[in-house]
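Structure first, commentary second.
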Amino acid sequence: LEQLGQGGMATVYKAYDTRLEREVAIKVIRKEAFPAETHERIFKRFEREAKVLAHMVHPNIVKIYDTGEYSGSPFLVMEYLPGKTLKDQMNRPINYRQAARLLAPIAQALHYAHQRGILHRDVKPSNILLMEDKTPILTDFGIAKLLEDTESHTLTGTGVGIGTPEYMAPEQGLGSQIDGRADIYSLGVVFYELLTGKKPFQAETPLAVLLKQVNDPLPRPKQYIPDLLDEVERVIFKALAKKSEDRYETMAAFAAALEGLVHVPP
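All the letters of the sequence shown, read from the start, carry residue numbers 180 to 445 under my numbering.
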């Protein structure tokens, strides 16, 4: 029916399922974004990943209905969600209770995925949809993994992990092995940005951002919000620790910390 968006590796369309008579979203992988010699390997992985994603049933994760191929390009059929992304609505900072209330369900959704051995790898505001009733829904699960090539580690040619530099954990930026704590870091960056209106690390180039993620101390949220509670700042510092072992051990622990902040008196 119409194009909803386009990224470096996929285009998303709104479509109508004539058989089940419902609107859906179709994400079509752009095969021209990848070297021809990698197509067969990537498309096989895409199908395997799609089957795993289709088994995830959680109220805060977008549903996968089907998968297929058109003119040599694989696609996913997903539920169509008419809300805007969190990125679209980040026009001003919000208070910590609002931010924690918004992100706690996303943390729970990520915990659900981690329990099933699935990492998101690209948690950021544009991958969180907000419904009309403000329910947050996480999208684009596992898509970044399709780009990772086990033989040469990456298909981007940059020698770094796949993801979005401003939201990427140091170990992910370095191309190291990652686990659920990389998603904790990314969600921590989203929390920081919701509170302060700023990303913690910004620079002219993606590589410069990654170097800051790895080397620079976290700018204190209190420099932007002087009256921010110590408890809120502690949660941020723990989620955004440089070393993964210093972060929350599990996404469930981070979710519990966010839920705790919802009820902290001002």
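Ideal placement from N, C-alpha and C gives every residue a C-beta, glycine not left out.
- The beta-bridge partner set that DSSP reports for residue 252 consists of 249.
- Residue pairing by DSSP puts residue 181 in a beta bridge opposite 193.
- With contacts defined by Cβ atoms closer than 7 Å, residue 349 and residue 421 form a contacting pair.
- Counting only residues of its own chain and dropping the five nearest sequence neighbours on each side, residue 242 has a CB closer than 6 Å to the CB of 258.
- When secondary structure is reduced to three states using DSSP, residue 207 falls in the strand class.
- Excluding five sequence positions before and after residue 397, the CB atoms of its chain that fall closer than 6 Å to its own CB belong to 379 and 419, given in chain order.
- Taking the Cβ atoms as the reference, residue 239 lies roughly 6 Å from residue 285, within the contact range of under 8 Å.
- Annotated three-state conformation of residue 263 is strand, per DSSP.
- Within the same chain, and ignoring the five residues on either side of residue 314 in sequence, no residue has its Cβ closer than 6 Å to its Cβ.
- Approximately 4 Å separates the beta-carbon atoms of residue 359 and residue 293; this is inside 8 Å, confirming the contact.
- Between residue 431 and residue 437, the alpha-carbon positions lie close to 10 Å from each other.
- The three-state reading of DSSP puts residue 428 in coil, since its state is none of H, G, I, E or B.
- Across the set 425, 253, 383 and 389, the C-alpha of 253 shows the shortest separation from the C-alpha of residue 209.
- If you look at residue 307, you'll find it isn't in any alpha helix (DSSP H); it sits in the beta strand (DSSP E) that goes 307 to 309.
- Counting C-beta atoms within 10 angstroms of its own C-beta, residue 365 has 16 or more neighbours from the protein chains shown and is therefore classed as buried.
- From the listed residues 269, 228 and 245, the smallest Cα separation to residue 320 is found for 228.
- Collapsing the DSSP output to three states places residue 258 in a strand.
- Secondary structure of residue 408 (DSSP, three-state): coil.
- Residue pairing from DSSP places residue 316 in a beta bridge opposite 308.
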